[in-house]
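Chains as they are written, first to last, in full-length UniProt numbering: chain A, 1 to 120; chain B, 1 to 120.
Cβ coordinates follow ideal geometry from the N, Cα and C atoms, glycine included.
Here the structure is a predicted model, which is why all the values come from computation and not from measurement.
See structure below.
2 protein chains.
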Amino acid sequence: MHAFDVLGDPVRRRILELLAGGEMTSGALCEVIGEEFGISQPGVSQHLKVLRENGFATVRPEGTRRLYAVDAGPLQDIDAWLDRFRRFWTPHLDALATELARGKRARRLRDADETPRSTP
Amino acid sequence: MHAFDVLGDPVRRRILELLAGGEMTSGALCEVIGEEFGISQPGVSQHLKVLRENGFATVRPEGTRRLYAVDAGPLQDIDAWLDRFRRFWTPHLDALATELARGKRARRLRDADETPRSTP
DNA sequence: CACTTATATAAGGGTTCACTGATATAGTTG
DNA sequence: CAACTATATCAGTGAACCCTTATATAAGTG
Chain A
1 MHAFDVLGDP VRRRILELLA GGEMTSGALC EVIGEEFGIS QPGVSQHLKV LRENGFATVR
61 PEGTRRLYAV DAGPLQDIDA WLDRFRRFWT PHLDALATEL ARGKRARRLR DADETPRSTP
Chain B
1 MHAFDVLGDP VRRRILELLA GGEMTSGALC EVIGEEFGIS QPGVSQHLKV LRENGFATVR
61 PEGTRRLYAV DAGPLQDIDA WLDRFRRFWT PHLDALATEL ARGKRARRLR DADETPRSTP
């Protein structure tokens, strides 16, 4: 399943949004999602499986619970795919700022201690 | 159809990649896509319709041809949605650089992501 | 106008997906 | 071990999606 397909489902997007705030147990997710979308525990569990199997989430057992957390790998892939379109909405940011934003070379920020002259 | 669903299809992603290079006619797209994916002209046309109807592409008639172009609006929405996960792969960029990169206006644009309450 | 080229729509079929209810696994506790 | 809690899996069903072939619209050309 492609990363975009995984994110095509609103339940899975919401789960990731929740996990963005930190680890959560399957049960806690079931509660919120069940409330918001009106779907059953197996329904949520199946979505968690999709997130797991596609690298969007990791799981860590703790006693009888299972703690889920975001794995940002596939999200980063999507971010990278979007690169080729960024020029459509960030007309001409100077290269340094773009580089910074992408995070390709965070180190350079320290070296060049300047305050990047903004041209927004 | 949600933006992520639109991008879930590899043919539509490829069409957008091609359009990222500049306007193209339906015919030219049919040729490349037909070649690469082995699908028919109506197949491609239907994908173009999806892209149009969901705001990913604009069309402009020129004689008997139709010129397609990228409309980056929905892509920007996706980029904005990814914001909440960026900290996972851009450890700690200072706020200024991030703000610069995102484009200050992008922030104001939209933050709302509908999380429907379904009625069973 | 008849003909051709460029593109879109229509109708139908096969496949995939997301749900539900029932059940299985696994850890915890009496 | 038995009972309970937390979570995952199974089997089945209805809907959505993407493709195909056939056909429609529309503009240019003799």
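Exercise. Quick one: Cα of Phe56 (chain A) to Cα of Leu18 (chain A), how far?
Worked result: Translated into the one-based positions of the first sequence, residue 56 (chain A) becomes position 56. Translated into the one-based positions of the first sequence, residue 18 (chain A) becomes position 18. Phe56 (chain A) and Leu18 (chain A): Cα-Cα distance of roughly 13 Å.
Exercise. With a CB to CB cut of under 7 Å and the five nearest residues on each side skipped, what residues in its chain are close to Arg52 (chain A)?
Worked result: Here residue 52 (chain A) is taken as the residue at index 52 of the first sequence, counted from 1. Cβ neighbours of Arg52 (chain A) beyond the five flanking positions: Val59.
For this session: List the DSSP bridge partners of Val50 (chain B).
Result: Numbered from its first residue, the second sequence carries residue 50 (chain B) at position 50. In DSSP, Val50 (chain B) forms no bridge with anything.
For this session: Could you check the C-alpha separation between Val70 (chain A) and Glu23 (chain A) for me, to the nearest Å?
Result: On the first sequence, residue 70 (chain A) is found 70 positions in, with the first residue counted as 1. On the first sequence, residue 23 (chain A) is found 23 positions in, with the first residue counted as 1. Near 8 Å, if we compare the C-alpha coordinates of Glu23 (chain A) and Val70 (chain A).
Exercise. Residues in its own chain within less than 8 Å of Lys104 (chain B) by CB, not counting five upstream and five downstream?
Worked result: Taking the first residue of the second sequence as 1, we reach residue 104 (chain B) at position 104. The predicted model places Lys104 (chain B) with a pLDDT of 47, which falls under 50 and marks its position as unreliable, so this point remains unresolved.
Exercise. Nearest chain B C-beta to Arg107 (chain A) closer than 8 Å, yes or no?
Worked result: Counted from its first residue, the first sequence places residue 107 (chain A) at position 107. Only weak support is given to the placement of Arg107 (chain A): the predicted model assigns it a pLDDT of 40, under 50, and the value that follows is read from those uncertain coordinates. No, its Cβ sits nowhere closer than 8 Å to a Cβ of chain B.
Problem set entry | chain A contacts made by the region 15-30 of chain B, where a contact means CB separation under 8 Å | Leu16, Glu17 and Ala20
Exercise. Taking all protein chains shown into account, do 16 or more other C-beta atoms lie within 10 angstroms of the C-beta of Arg12 (chain B), making it buried, or fewer, making it exposed?
Worked result: As a position in the second sequence, residue 12 (chain B) is number 12, starting the count at 1. The residue is buried, with at least 16 neighbouring Cβ atoms inside 10 Å.
Exercise. Under a three-way DSSP split, which group does Ala72 (chain B) fall into?
Worked result: Counting from one through the second sequence, the residue named residue 72 (chain B) turns up at place 72. In the structure shown, Ala72 (chain B) sits in coil (DSSP, three-state: anything other than H, G, I, E or B).
Problem set entry | Residue-level contact to chain A via CB, Asp5 (chain B), 8 Å cutoff | As a working mapping, residue 5 (chain B) is identified with position 5 in the second sequence. Closer than 8 Å to some Cβ of chain A, the Cβ of Asp5 (chain B) qualifies, so yes.
Problem set entry | C-beta neighbour in chain B for Gln76 (chain A), strict 8 Å | As a position in the first sequence, residue 76 (chain A) is number 76, starting the count at 1. By this cut-off, Gln76 (chain A) is an interface position.
For this session: Give a yes or no on contact between the region 21-40 of chain B and the region 72-81 of chain B, applying the rule of three or more CB pairs nearer than 8 Å.
Result: no
Exercise. Is the Cβ-Cβ distance between Ile33 (chain A) and Val44 (chain A) less than 8 Å?
Worked result: Along the first sequence, read from residue 1 onward, the residue named residue 33 (chain A) stands at position 33. Along the first sequence, read from residue 1 onward, the residue named residue 44 (chain A) stands at position 44. Yes. Within cutoff.
Problem set entry | Cross-chain neighbours of Arg52 (chain A) in chain B, by beta carbon under 9 Å | By one-based count along the first sequence, residue 52 (chain A) stands at place 52. By Cβ distance, chain B contributes nothing, its closest Cβ being about 17 Å from Arg52 (chain A), past 9 Å.
For this session: Using a Cβ cut-off of 8 Å (strictly closer), state whether Val70 (chain B) contacts chain A.
Result: By one-based count along the second sequence, residue 70 (chain B) stands at place 70. Yes, Val70 (chain B) counts as interfacial toward chain A.
For this session: Please classify Gly63 (chain B): is it buried, with 16 or more other beta-carbons within 10 angstroms of its beta-carbon, or exposed?
Result: The residue you call residue 63 (chain B) lines up with position 63 of the second sequence. Exposed, by the Cβ-count rule.
Problem set entry | Between the CA atoms of Trp89 (chain B) and Ala28 (chain B) - distance to the nearest angstrom | What you label residue 28 (chain B) is simply residue 28 of the second sequence in a count that begins at 1. What you label residue 89 (chain B) is simply residue 89 of the second sequence in a count that begins at 1. Cα to Cα, the separation comes out at about 38 Å.
Exercise. Is there at least one Cβ from chain B nearer than 8 Å to Arg60 (chain A)'s Cβ?
Worked result: As a position in the first sequence, residue 60 (chain A) is number 60, starting the count at 1. False, the Cβ-Cβ gap to chain B never drops below 8 Å.
Exercise. Rounded C-beta distance between Gly38 (chain A) and His2 (chain B)? I'm assuming under 8 Å.
Worked result: By one-based count along the first sequence, residue 38 (chain A) stands at place 38. By one-based count along the second sequence, residue 2 (chain B) stands at place 2. No, Gly38 (chain A) and His2 (chain B) are not in contact; Cβ-Cβ is about 18 Å, not under 8 Å.
Problem set entry | Range of the contiguous alpha helix (DSSP H) that encloses Glu17 (chain A) | What you label residue 17 (chain A) is simply residue 17 of the first sequence in a count that begins at 1. It spans Pro10 to Leu19 - the alpha helix (DSSP H) in which Glu17 (chain A) sits, taken as one unbroken run.
For this session: Let me know the secondary structure DSSP gives Arg87 (chain B) once reduced to three states.
Result: Numbered from 1 along the second sequence, position 87 holds the residue referred to as residue 87 (chain B). Arg87 (chain B) falls in the coil class under three-state DSSP.
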